[in-house]
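Following my numbering, the numbering of the sequence shown begins with 521 at its first residue and continues without gaps.
Take a look at the structure below.
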Amino acid sequence: MRQGCARWLTGLAIVTGMVVSGLPALAKETTEPVNITSFSGAYLAARVAEGDNDLDSAIAYYKQALAFAPGDTSLQQSLMLSLIAQGRFEESLVYADKLKTVPDVERFSRLALAVGSFHKKDFSKAEYWLKLSLESDLDRLISGVMSGWAKQGAGDPGEAMASIEKLQGPDWFGLFKSFHRGLVADASGLPEKADAIYAATLQDTATGAAAPETWMRNAQAYASFLARKGDKDKALSVLDQAEAFAPGKVEISALRDRITKGEKIEPFVAGPSDGASEILLDLATALNRGGGEPFVRLYLQYALALRPDSDAALVQLAAVSEQLKDGEGAIAFYRRIPASSPLKTLSELQLGLNLADLDRYDEA
């Protein structure tokens, strides 16, 4: 099952990466957009800019093309996806609304509208947007877990956990489902349920080998939960298991240090927006195996829109930018990582390397 999950994740990343990007990703070459006086010229310029990973120029040219064909849903889709990929989320909502009933793109348009509803704490509307007419296994897991978090936000954690547990799909769903059920219980003040679910997820090392980052985040969440309960020894034991599973993770070392010193430990997920962000981050990280970077970047940007201070999402976005030969983009993401983050030292090292690659030695 572990190998099947890994093959599926890798295959999906490659296929969906080609679908989203359309053109191969090249080193980023940013140029100032020029005014183009024909539809074909603007469209071609947009596609070339997108292929060069110059998304700001692609956006400008797609907007010019739309001026000639304002009802073209294919153009609206390309523009919406470029805006999301570039982190211009609020701008994308105009086009997401136009595309909300177009089946081929609703996995992105309705997801964007659901994220907007989470921002407004309109959880019933978020659930509405998460109902898709066409969905893959990945779509079903994302929409199902996010719907569960919407139920939690609406004050029904029991139904939230039950709905996540009932999600039908391949065996690899299990790790993500159990992790998020534990997070829901924890965020909802249900310590006995949270303890039992976190512990069971920690024992699932077989599935964890196919999505190790998610397994490790469950370990962090569980240790944080135990520390807040006052069970320091058990929390440190969980971190021992995490260290044995994947040695050398700075997040684990930093959490161990804080627990040992008796510092206040914040909840791993504070509420529904954080939880919805987490499932997007978890799946994007699992998919980031090479070949699907444009697709991974989309889901990471959704995650960041829900949780703008997410150091994990920022580091992943920086890594994707590096894979796409976009040093400037990587630098921007690394600079956004909070000083309090355990990933700050790593980000500063990577920041210096990217600056050096761009011959900006005075800033490195």
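Ideal Cβ placement from N, Cα and C applies to all residues, glycine included.
In the DSSP assignment, Trp-735 falls within the alpha helix (DSSP H) that extends over 732-749. Within its own chain, the residues whose Cβ lies closer than 6 Å to the Cβ of Asn-808, once the five positions on either side in sequence are excluded, are Val-816, listed in chain order.
Contact between the segment 629-646 and the segment 828-835 is absent: fewer than three C-beta pairs spanning the two stretches fall below 8 Å. Between the C-alpha atoms of Leu-650 and Pro-862 there is a straight-line separation of about 33 Å.
DSSP places Arg-827 in no alpha helix (DSSP H); its state is neither H nor E. Membership of Lys-864 in the alpha helix (DSSP H) is indicated by the continuous run 864-877. Nearest to Ala-876 by C-alpha distance, out of Pro-858, Ile-851, Thr-621, is Ile-851. Here the alpha carbon of Asp-574 sits roughly 41 Å from the alpha carbon of Ser-683.
The distance from the Cβ of Leu-844 to that of Glu-813 is about 5 Å, consistent with a contact at the 8 Å cut-off. Within a 10 Å sphere around the beta-carbon of Ala-720 sit fewer than 16 other beta-carbons, which makes this residue exposed. The C-beta distance from Tyr-582 to Ala-566 rounds to 5 Å, short enough to meet the 8 Å contact threshold. Classified as buried, Ala-825 has 16 or more neighbouring CB atoms from the shown chains inside 10 Å of its CB. Using a Cβ distance threshold of 9 Å, Gln-740 and Leu-710 do not count as a contacting pair.
Our two residues, Gly-847 and Asp-751, have alpha carbons roughly 43 Å apart in a direct line. Residues of the same chain with a CB within less than 6 Å of the CB of Gln-870, apart from the 5 flanking positions on each side, are Tyr-854 in chain order.
For Asp-777, the enclosing alpha helix (DSSP H) starts and ends at 770-780. Annotation: Thr-621 is outside any alpha helix (DSSP H) and is labelled neither H nor E by DSSP.
Distances from the CA of Phe-696 to each of Arg-630, Glu-733, Ser-612, Ala-766 were compared; the closest alpha carbon is that of Glu-733.
Taking 9 Å as the cut-off, the Cβ atoms of Ala-562 and Phe-588 count as close. Between Ser-656 and Arg-627, the C-beta gap is smaller than 9 Å, which places the two residues in contact.
For Val-789, the three-state secondary structure derived from DSSP is coil. In the structure shown, Ile-556 adopts coil according to DSSP, grouped into three states. By alpha-carbon distance to Glu-610, the top candidate from Ser-793, Ser-698, Thr-865, Ser-637 is Ser-637.
Assignment of Ile-604 by DSSP, reduced to helix, strand and coil, places it in the helix class. A distance below 8 Å between beta-carbons, with the five flanking residues on each side excluded, links Leu-756 to the following residues of its chain, in chain order: Ala-743, Arg-776, Ile-779, Thr-780.
For Ile-662, the enclosing alpha helix (DSSP H) begins and ends at 657-673.
For Gly-810, the three-state secondary structure derived from DSSP is coil.
Cβ-Cβ separation between Leu-595 and Ala-585: approximately 6 Å, consistent with a contact (criterion under 8 Å).
Scanning Ala-747, Gly-702, Asp-724 for the CA closest to the CA of Phe-765 turns up Asp-724.
Restricting attention to Glu-679, Ala-707, Gly-782, Arg-827, the CA atom closest to the CA of Asp-753 is found in Gly-782.
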